[in-house]
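Please read the structure below before turning to the comments.
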Amino acid sequence: MSFCVRAVFLSLAGSILISPALRAQNEDSPRREPFHPIHATKVLKNEFTFWGARSSGSPQVITEMKDQRLFIAGLHYGRLLAKRRNASLWYDVEIIPVAILSQPTVSYRPWANGKGYSAVRYRRYTYGGGLSPVGFRAVFGNRSWPLRPYIDSSVGFLSFTRPVPVPNARRFNFEFKFGSGFELAQRKNRAVRMGFWLQHFSNHGTAHLNPGVDSFIVYMSYSFFR
């Protein structure tokens, strides 16, 4: 009986001595805030992009010019305008420092005996650049989706070193494009974008001739979000 009383007394004494130490340790340790999904991802409102594109054909949707090939590369800035659970709307601006138009050309060279001409076919390259100050892009899905579809459109201008696509046109041309693609997330603030544009540029009737150029463009870009 005395052994049982002694055991009960020791256990009570131990609990009295240990409880304050445990309470002090809990008070000194930092408190952990409860996790909430809103803290999982930060809303990134700015996008900086490098992109390159080339046309894979001349679809002749508006114009009748054939076999026109266009290569363009540029810088892109996007600003988030609105965001919903599974969709977002962006405002886009593009600077195009590099634009190269390749066109089929024929020249005639006289024969050595002076009795005829030979047709020489080659491609002529015209260089230029441009700006697309107004563009919009709708992205479907959120940052947790590894692959997000989108549609986009923009308007601007392209200016070349000589009149295109024919001599009696103009160097300055108005440009618009629209298309679609997919955005592949690499990290929380990085993404690769692959898509296509249907593009048209022309002088809008400001020159004697206005044939214009239609292009089906495939492009790829790499983006940083902040």
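Using the numbering used here, count along the sequence shown one by one with no gaps and you end on 1449.
Glycine is no exception: its CB is placed at the ideal position from the N, C-alpha and C atoms.
When Arg1347, Val1343, Leu1407, Pro1333 are compared against Trp1368, the one with the closest alpha-carbon: Looking at the Cα atoms, Leu1407 is the closest of the given residues.
Please say whether Arg1393 and Asn1426 have beta carbons closer to each other than 7 angstroms? yes
Of the listed residues Pro1388, Pro1372, Tyr1350, Arg1413, nearest to Gln1291 (C-alpha basis): Pro1388
For Glu1398, the first and last residue of its enclosing beta strand (DSSP E): 1393–1410
Using 8 angstroms as the threshold, is the stretch 1330–1342 in touch with the stretch 1283–1303, meaning 3 or more CB pairs across them? no
Which of the three DSSP states, helix, strand or coil, is assigned to Leu1267? In this structure, Leu1267 counts as coil in the three-state DSSP scheme.
Nearest residue (CA-CA) to Arg1371, options Ser1311, Phe1439, Thr1286: The shortest C-alpha separation from Arg1371 is found at Ser1311.
Runs of alpha helix (DSSP H) wholly within the stretch 1371–1395 (minimum 4 residues, chain order): none
Could you check which residue in Pro1282, Gly1428, Ile1323, Tyr1331 has the C-alpha nearest to that of Ser1382? Nearest C-alpha to Ser1382: Ile1323.
Leu1245 (DSSP reduced to helix, strand or coil): Annotation note: pLDDT 45 at Leu1245 (below 50); position unreliable, no value reported.
For Tyr1288, which of helix, strand or coil comes out of DSSP? Residue 1288 is actually Met in this sequence, not Tyr. The answer is coil: DSSP assigns Met1288 none of H, G, I, E or B.
According to DSSP, is Tyr1445 helix, strand or coil? strand
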